[in-house]
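*Asks:* One structure coming up, written as structure tokens, with questions to follow.
Protein chains: 2
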Amino acid sequence: MTTPLFARVAIVGFGLIGSSIARCVVEYPGLAGAVTCVDRAQAVCDRVLELGLADKAGTDPALVSECDLVVLATPIGAFADLGALIGPHLREGTILTDVGSVKMSVIRDIGPHVPDGVHFIPGHPLAGTEHSGPDSGFAALFKGRWCILTPLPGTNPEALDRLTAFWAGCGSQMEVMEPAHHDRVLAITSHLPHLIAYTIVGTATDLEEQMKSEVIRFSASGFRDFTRIAASDPVMWRDIFLNNREAVLEVIQRFTEDLTALQRAIRWGEGEKLESLFTRTRAIRRSIIDAKQA
Amino acid sequence: MTTPLFARVAIVGFGLIGSSIARCVVEYPGLAGAVTCVDRAQAVCDRVLELGLADKAGTDPALVSECDLVVLATPIGAFADLGALIGPHLREGTILTDVGSVKMSVIRDIGPHVPDGVHFIPGHPLAGTEHSGPDSGFAALFKGRWCILTPLPGTNPEALDRLTAFWAGCGSQMEVMEPAHHDRVLAITSHLPHLIAYTIVGTATDLEEQMKSEVIRFSASGFRDFTRIAASDPVMWRDIFLNNREAVLEVIQRFTEDLTALQRAIRWGEGEKLESLFTRTRAIRRSIIDAKQA
Ligand SMILES: NC(=O)c1ccc[n+]([C@@H]2O[C@H](COP(=O)([O-])OP(=O)(O)OC[C@H]3O[C@@H](n4cnc5c(N)ncnc54)[C@H](OP(=O)(O)O)[C@@H]3O)[C@@H](O)[C@H]2O)c1
Ligand SMILES: NC(=O)c1ccc[n+]([C@@H]2O[C@H](COP(=O)([O-])OP(=O)(O)OC[C@H]3O[C@@H](n4cnc5c(N)ncnc54)[C@H](OP(=O)(O)O)[C@@H]3O)[C@@H](O)[C@H]2O)c1
Chain A
0 MTTPLFARVA
10 IVGFGLIGSS
20 IARCVVEYPG
30 LAGAVTCVDR
40 AQAVCDRVLE
50 LGLADKAGTD
60 PALVSECDLV
70 VLATPIGAFA
80 DLGALIGPHL
90 REGTILTDVG
100 SVKMSVIRDI
110 GPHVPDGVHF
120 IPGHPLAGTE
130 HSGPDSGFAA
140 LFKGRWCILT
150 PLPGTNPEAL
160 DRLTAFWAGC
170 GSQMEVMEPA
180 HHDRVLAITS
190 HLPHLIAYTI
200 VGTATDLEEQ
210 MKSEVIRFSA
220 SGFRDFTRIA
230 ASDPVMWRDI
240 FLNNREAVLE
250 VIQRFTEDLT
260 ALQRAIRWGE
270 GEKLESLFTR
280 TRAIRRSIID
290 AKQA
Chain B
0 MTTPLFARVA
10 IVGFGLIGSS
20 IARCVVEYPG
30 LAGAVTCVDR
40 AQAVCDRVLE
50 LGLADKAGTD
60 PALVSECDLV
70 VLATPIGAFA
80 DLGALIGPHL
90 REGTILTDVG
100 SVKMSVIRDI
110 GPHVPDGVHF
120 IPGHPLAGTE
130 HSGPDSGFAA
140 LFKGRWCILT
150 PLPGTNPEAL
160 DRLTAFWAGC
170 GSQMEVMEPA
180 HHDRVLAITS
190 HLPHLIAYTI
200 VGTATDLEEQ
210 MKSEVIRFSA
220 SGFRDFTRIA
230 ASDPVMWRDI
240 FLNNREAVLE
250 VIQRFTEDLT
260 ALQRAIRWGE
270 GEKLESLFTR
280 TRAIRRSIID
290 AKQA
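Residue numbers (numbering that gives the first Met the number 0), protein chains in the order written: chain A, 0 to 293; chain B, 0 to 293.
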């Protein structure tokens, strides 16, 4: 038996993402020797022990002190408080990472609490479902999906390699990025699509009753795809929009300008404008198919 | 052998929808004795004969004169011209229908060309893919999907029953609606989602090159679902927006107001407003699951 990459990994916030990482540790040998669950809810801790996803579980932040990898996996709005609670218990040489969907705010909120000698490397696995909680995770969640690390200048290369190996062992395709750039890319690939989906489903929610029931019955013509996206966790998404404000407002602005132009083309019957945009957008679809991301 | 519902059905415009109907006739006995293909392109006619989807095919509109069911399946922008070409050749007792995605404009464009004694019953199967042309069709396309008929006042009930039986034989779930109501329901369930998807993909198209290539690489986080929708046929969608202008502009207006409210909540950090909307939209998803439309 070879020694695993980490002796003991602490997962703080044991929901969809946290419990999926734990399942990887359980199912794929060589990642970590043991898992500690830290969650604010005792009920979650009990459930995690019952599922056999960790051998230690509790609400006490001091539990992280015996771990050489600590993964923060709560909604990002909790990170500032979490940093204050957990920081003092981190021991030298530990790698501290997270899975939050925004990276600049995580650096702002966690950074000040990281003791010297602890390797803080923010990360973001681009994988998820619209479900939440420790029962919704599964080991294959990260398989073939991107995981982006956004190390700060001066990050210890060996620590970066170990964390990269850990995620690769979970099945992820690895990528390194500047944190601010990560937030701009995700604002358009993920945050704007979610905001739009929430908006359109919200618009339908406000229709009079009879219309609403028909929208539900005939939802298969496009609307349905948006409702799946708009069923994602409300707290997680609230935190994403509040913490990636600048980048999200910037893409909303561009989107609104483009929608206004289309609206005007419809109002004035400018068929050629519509057709030419609808033709250009097909090319992006082909690029995605070519990049094997379809 | 029982006699089929129709002796000979003409399909005018033999693309995805037209060829799928023809495949139903070929594969499901009892729908029609034979199929005539009418298409403006001789190449399409040749291909249809080669595929064995019709025993007669040509560009001459007079071909419809020997058919007791005529289905118009071109983009709706072609309907006014098509009505003028085909109207004179329709024989008494024939049922004339269409599959266009907007119903008020079809009534406006086809209605004046329908001779006395011909039963004009507009229709719309809520089924499709992002592919086009006679090779892309398949008989199972309509299976379990809605097909909405929007008969005009005074429609012959026997003709309505026969057309209903035809679509039910293709596997559709049938529904009758007022044409104006159809257009309002579809504006929100189908036309707005497509417009939004085209817009967001268009916004991404305008990004600088490096950003664009990253959006493509990391498209799986939400954006990708929009690109599939935005790869739909440009001419078909141009015609839909131009011909359902009032209803589409009305829902864009509502959508924009709602987006502006969310944008403001993000700008001012109003987390409760965001969370409460994101919680409400989950309920619609549950209704869709309950209605077995998920
Ligand atoms: N889901 C996705 O699609 C996805 C994808 C990539 C990254 N992420 C990121 O992953 C993180 C977790 O998401 P998830 O989908 O796994 O969420 P989840 O299933 O809702 O799990 C979140 C966990 O964090 C705990 N928690 C919530 N608020 C807390 C607080 N204030 N203090 C301490 N613990 C708290 C929750 O406990 P309770 O049960 O007590 O609330 C729960 O155990 C988020 O930062 C998100 O941005 C999510
Ligand atoms: N696709 C969907 O998701 C969907 C769903 C429900 C209803 N519909 C409706 O079904 C109709 C057809 O859609 P489709 O997806 O089957 O399209 P398609 O695959 O592009 O087929 C359209 C056919 O109509 C022919 N055509 C185009 N312009 C014409 C013109 N000006 N005069 C005569 N023939 C013409 C085309 O011939 P060429 O090859 O020569 O252009 C082609 O054979 C549209 O009215 C659409 O609104 C579509």
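Yeah, the Cβ is synthetic: ideal placement off N, Cα and C, and Gly gets one too.
Only a predicted model underlies this, so the values are computations on that prediction, with no experimental measurement involved.
If you follow the beta strand (DSSP E) that Asp232(A) is in, where does it begin and where does it stop?
*Replies:* As a working mapping, residue 232(A) is identified with position 233 in the first sequence. That residue, Asp232(A), is in no beta strand (DSSP E); it is neither H nor E in DSSP.
*Asks:* Is Phe225(B) near ligand 1 - that is, is its Cβ less than 7 angstroms away from at least one heavy atom of it?
*Replies:* Residue mapping note: residue 225(B) aligns to position 226 of the second sequence, counting from 1. Short note on Phe225(B): C-beta not closer than 7 angstroms to any heavy atom of ligand 1.
*Asks:* Start and end of the alpha helix (DSSP H) containing Lys55(A)?
*Replies:* As a first step, residue 55(A) must be located in the first sequence, where it is residue number 56. That residue, Lys55(A), is in no alpha helix (DSSP H); its beta strand (DSSP E) goes 55 to 57.
*Asks:* Mind pulling the chain B residues with CB within less than 7 angstroms of Ile199(A)?
*Replies:* Taking the first sequence and counting its residues from 1, one reaches residue 199(A) at position 200. Leu191, Pro192, Ile195, Phe254, listed in chain order.
*Asks:* With distances taken Cα to Cα, identify the nearest neighbour of Glu207(A) among Arg183(B), Ala196(B), Val234(B).
*Replies:* Here residue 207(A) is taken as the residue at index 208 of the first sequence, counted from 1. From the listed residues Arg183(B), Ala196(B), Val234(B), the smallest Cα separation to Glu207(A) is found for Arg183(B).
*Asks:* Can Val63(A) be considered in contact with ligand 1, in the sense that its beta carbon sits closer than 7 angstroms to one or more heavy atoms?
*Replies:* Residue mapping note: residue 63(A) aligns to position 64 of the first sequence, counting from 1. Every heavy atom of ligand 1 is 7 angstroms or more from the Cβ of Val63(A), so no.
*Asks:* Of the residues that make up the segment 86 to 105 of chain B, which ones have a beta carbon closer than 8 angstroms to any beta carbon in chain A?
*Replies:* none
*Asks:* For Val37(A), which beta-bridge partners are listed by DSSP?
*Replies:* The residue labelled residue 37(A) in the question sits at position 38 within the first sequence. Partner(s): Val11(A), Gly57(A).
*Asks:* If you draw a straight line from the alpha carbon of Gly58(B) to that of Ala40(B), how long is it in whole angstroms?
*Replies:* Reading the second sequence from its first residue, position 59 is the one you call residue 58(B). Reading the second sequence from its first residue, position 41 is the one you call residue 40(B). Residue 58(B) is actually Thr in this sequence, not Gly. Using only the alpha carbons, I get a separation of about 7 angstroms.
*Asks:* List, in order along the chain, the chain A residues whose C-beta lies closer than 7 angstroms to that of Gly221(B)?
*Replies:* Position 222 of the second sequence holds residue 221(B). Per Cβ cutoff of 7 angstroms: Thr188, Ser189, Pro192, His193, Ile228.
*Asks:* If the cut is a Cβ gap below 7 angstroms, which residues of chain B does Glu274(A) touch?
*Replies:* As a working mapping, residue 274(A) is identified with position 275 in the first sequence. Within 7 angstroms Cβ-Cβ: Pro233, Val234, Arg237.
*Asks:* Measuring alpha carbon to alpha carbon, tell me which residue in Trp267(B), Gly29(B), Ala9(B) is nearest Thr2(B).
*Replies:* Taking the first residue of the second sequence as position 1, residue 2(B) is located at position 3. Ranking the options by Cα distance to Thr2(B), first place goes to Gly29(B).
*Asks:* Is it buried or exposed, Gln262(B), if we count other Cβ atoms within 10 angstroms and call 16 or more buried?
*Replies:* As a position in the second sequence, residue 262(B) is number 263, starting the count at 1. Flag for Gln262(B) reads buried.
*Asks:* I'd like to check one pair, His112(A) with Ala83(A): are the Cβ atoms closer than 8 angstroms?
*Replies:* The residue given as residue 83(A) occupies position 84 in the first sequence. The residue given as residue 112(A) occupies position 113 in the first sequence. Going by C-beta atoms, Ala83(A) is nearer than 8 angstroms to His112(A).
*Asks:* Just curious, the beta strand (DSSP E) that His118(B) is in, first and last residue?
*Replies:* Along the second sequence, one-based indexing puts residue 118(B) at 119. Run containing His118(B): 118 to 120, per the beta strand (DSSP E) assignment.
*Asks:* Please report whether the beta-carbon of Ile20(B) lies at a distance below 8 angstroms from any beta-carbon of chain A.
*Replies:* Your numbering for residue 20(B) matches position 21 in the second sequence. No, its Cβ sits nowhere closer than 8 angstroms to a Cβ of chain A.
*Asks:* Closest to Gly76(A) by C-alpha separation, out of Ala167(A), Leu194(A), Ser104(A), would be which residue?
*Replies:* Residue 76(A) sits at position 77 when you count from the first residue of the first sequence. Ranking Ala167(A), Leu194(A), Ser104(A) by Cα distance to Gly76(A) puts Ser104(A) first.
*Asks:* Could you check if Gly14(B) is buried or exposed, using at least 16 other CB atoms within 10 Å of its CB as the buried criterion?
*Replies:* Numbered from 1 along the second sequence, position 15 holds the residue referred to as residue 14(B). Classification for Gly14(B): buried.
*Asks:* Taking C-alpha atoms, which residue in Arg7(B), Leu151(B), Tyr27(B), Ala126(B) lies nearest to Arg107(B)?
*Replies:* Within the second sequence, residue 107(B) is the residue found at index 108, counting from 1. The candidate whose alpha carbon is nearest that of Arg107(B) is Leu151(B).
*Asks:* Mind the definition here: the segment 89 to 101 of chain B touches the segment 59 to 72 of chain B only if three or more C-beta pairs lie below 8 angstroms; say whether that holds.
*Replies:* As far as the Cβ criterion goes, the segment 89 to 101 of chain B touches the segment 59 to 72 of chain B, which means the pair count is three or higher.
*Asks:* Report yes or no: do three or more beta-carbon pairs, one from the segment 228 to 239 of chain A and one from the segment 272 to 284 of chain B, lie closer than 8 angstroms?
*Replies:* Short answer: they touch.
*Asks:* Please name the residue, chosen from Pro192(B), Thr202(B), Asp205(B), Thr188(B), that lies closest to Phe217(A) on a Cα-to-Cα basis.
*Replies:* Sequence index remark: in the first sequence, residue 217(A) carries index 218 (1-based). Closest in C-alpha terms to Phe217(A), from the list Pro192(B), Thr202(B), Asp205(B), Thr188(B), comes Thr188(B).
*Asks:* Leaving out five residues on either side along the sequence, give the residues of the same chain with a beta carbon under 8 angstroms from the beta carbon of Pro156(A).
*Replies:* On the first sequence, position 157 is the one that residue 156(A) refers to. The answer is none, since no qualifying residue turns up.
*Asks:* Leaving out the 5 sequence neighbours to the left and right, which residues in its chain are closer than 7 angstroms to Pro114(A) when beta-carbon positions are compared?
*Replies:* The residue you call residue 114(A) lines up with position 115 of the first sequence. Answer for Pro114(A): Gly86, Leu89, listed in chain order.
*Asks:* Which residues mark the beginning and the end of the alpha helix (DSSP H) in which Glu245(B) is found?
*Replies:* Stepping through the second sequence from its first residue, residue 245(B) is reached at position 246. Unbroken alpha helix (DSSP H) run through Glu245(B): 244 to 266.
*Asks:* Beta carbon of Val47(A), beta carbon of Cys36(A): below 8 angstroms?
*Replies:* Here residue 47(A) refers to the residue found at position 48 when the first sequence is read from its first residue. Here residue 36(A) refers to the residue found at position 37 when the first sequence is read from its first residue. In this structure, Cys36(A) lies closer than 8 angstroms to Val47(A) by Cβ.
*Asks:* Could you check which residue in Ser131(B), Trp236(B), Arg279(B) has the C-alpha nearest to that of Ala186(B)?
*Replies:* Start at 1 with the first residue of the second sequence, and residue 186(B) comes out as number 187. Ranking the options by Cα distance to Ala186(B), first place goes to Trp236(B).
*Asks:* Note the first and the last residue of the continuous beta strand (DSSP E) segment covering Met173(B).
*Replies:* For the purposes of this step, residue 173(B) is taken as residue 174 along the second sequence, with counting starting at 1. 172 to 175 is the extent of the beta strand (DSSP E) around Met173(B).
*Asks:* Just verifying my parser: in three-state terms, what is the DSSP assignment at Asp97(B)?
*Replies:* Counting from 1 along the second sequence, the entry for residue 97(B) is found at position 98. Residue state, collapsed to three classes: strand.
*Asks:* Relative to ligand 1, is the shortest distance from any of its heavy atoms to the C-beta of His123(A) smaller than 7 angstroms?
*Replies:* The residue labelled residue 123(A) in the question sits at position 124 within the first sequence. Checking every heavy atom of ligand 1 against the Cβ of His123(A), one is found closer than 7 angstroms.
*Asks:* Against Val175(B), what residues of chain A qualify as contacts under a CB-to-CB distance less than 7 angstroms, listed in chain order?
*Replies:* Here residue 175(B) refers to the residue found at position 176 of the second sequence. The contacting residues do not exist; Val175(B) stays about 13 angstroms from chain A at best.
*Asks:* Determine, for Thr149(A), whether the minimum Cβ-Cβ distance to residues of chain B falls below 8 angstroms.
*Replies:* Residue 149(A) sits at position 150 when you count from the first residue of the first sequence. By this cut-off, Thr149(A) is not an interface position.
*Asks:* Go ahead and pull the three-state DSSP assignment for Gly76(B).
*Replies:* To locate residue 76(B), count along the second sequence from 1; it is residue 77. Helix.
*Asks:* Let me confirm a value: Thr278(B) is counted as buried when at least 16 other C-beta atoms fall within 10 Å, else exposed. Which label applies?
*Replies:* Here residue 278(B) corresponds to residue number 279 of the second sequence, with the count starting at 1. Burial call: exposed.
*Asks:* Please report the distance separating the alpha-carbon of Gly132(A) from that of Ala126(A).
*Replies:* Taking the first residue of the first sequence as 1, we reach residue 132(A) at position 133. Taking the first residue of the first sequence as 1, we reach residue 126(A) at position 127. Each residue's CA atom was taken as its position, placing Gly132(A) and Ala126(A) some 15 angstroms apart.
*Asks:* Rounded to whole angstroms, what's the CA-CA distance from Lys272(A) to Asp257(A)? Just pull it up for me.
*Replies:* Here residue 272(A) refers to the residue found at position 273 when the first sequence is read from its first residue. Here residue 257(A) refers to the residue found at position 258 when the first sequence is read from its first residue. Rounded to the nearest angstrom, the two C-alpha atoms are 12 angstroms apart.
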